[in-house]
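S.K.: Below are the structure tokens for one structure; questions will follow.
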Amino acid sequence: MTMQEARIPAAQGDMNRPSGVAQYLSPVVHDLTALHVNAKQAHWHVRGMNFVGVHEFLDVIVENAQNATDTVAERIVALGLPIDARITTVAARATNPELSHGFQQAKVTVREMVAQLDATLETVYRAIEGLENVDPVSQDIAIAVAQQLDKDRWFLSSHFAEA
4 MTMQEARIPA AQGDMNRPSG VAQYLSPVVH DLTALHVNAK QAHWHVRGMN
54 FVGVHEFLDV IVENAQNATD TVAERIVALG LPIDARITTV AARATNPELS
104 HGFQQAKVTV REMVAQLDAT LETVYRAIEG LENVDPVSQD IAIAVAQQLD
154 KDRWFLSSHF AEA
């Protein structure tokens, strides 16, 4: 077989599956991208009590969000569709609330980052629900993302939780 004759086989299964997956996972990519950018912003500007713990854990959130973004985006691309995660697109479509400008006390930072995680989790849980009958593999990816975000939320909120 010559190079010209080489053919890539068509995707198998329901041909609507890729667009269904992209419908639910693209918003997850947008919110996760906003989450890791905002977590880094918060990381640079946290001050006060529990500084070291909050500062260092925000880097964990950044890393987890970046890894999840890559996994989710690559799932869309693996199914043959592009993902638009340019910063202007993310800014226009992400559901994450705006962070306060400048330096913030750790309690404010934690409260605002928990709100970031909550917004992202809401999007992820919508994807989990929507993907149930579309693509179980993509749903499993969203479930794994939710599991990590739930854990990150717990660890972060525990910095100031009262018994």
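Each residue of the sequence shown is one higher than the one before, counting from 4 in the numbering used here. Each residue gets a CB set at the ideal place from its N, CA and C atoms; glycine is no exception.
Taking one C-beta from the stretch 92–105 and one from the stretch 133–148 each time, how about it: are there three or more such pairs within less than 8 Å?
M.R.: No, because fewer than three Cβ pairs between the stretch 92–105 and the stretch 133–148 fall closer than 8 Å, the two stretches do not touch.
S.K.: So the candidates are K43, H162, S22 and W47; which of them puts its Cα closest to the Cα of R114?
M.R.: Minimum Cα distance to R114 is reached at H162.
S.K.: Measure from the alpha carbon of N179 to the alpha carbon of each residue in I79, L35, V111 and L134, then state which is nearest.
M.R.: The structure shown does not extend to residue 179, since the chain is modelled only from 4 through 166, so no value can be given for it.
S.K.: Quick check on Q150: buried or exposed, where buried means 16 or more other Cβ atoms within 10 Å of its Cβ?
M.R.: That one is exposed.
S.K.: Can you find the residues in the same chain that come closer than 7 Å, C-beta to C-beta, to A13, ignoring five residues on each side of it along the sequence?
M.R.: Only weak support exists for where A13 lies, its pLDDT of 47 falling under 50; the coordinates are left without a value.
S.K.: If contact is defined by three or more beta carbon pairs under 8 Å, each pair taking one atom from either stretch, is the stretch 152–159 in contact with the stretch 130–142?
M.R.: No, they do not touch.
S.K.: By Cβ distance below 7 Å, which residues in the same chain neighbour G105 in space, the five residues on each side in sequence not counted?
M.R.: Taken in chain order, the residues that qualify are H48.
S.K.: Going by alpha carbons, who is nearest to I86 out of V55, V137, E101 and T36?
M.R.: Checked all of V55, V137, E101 and T36; the closest Cα to I86 is T36.
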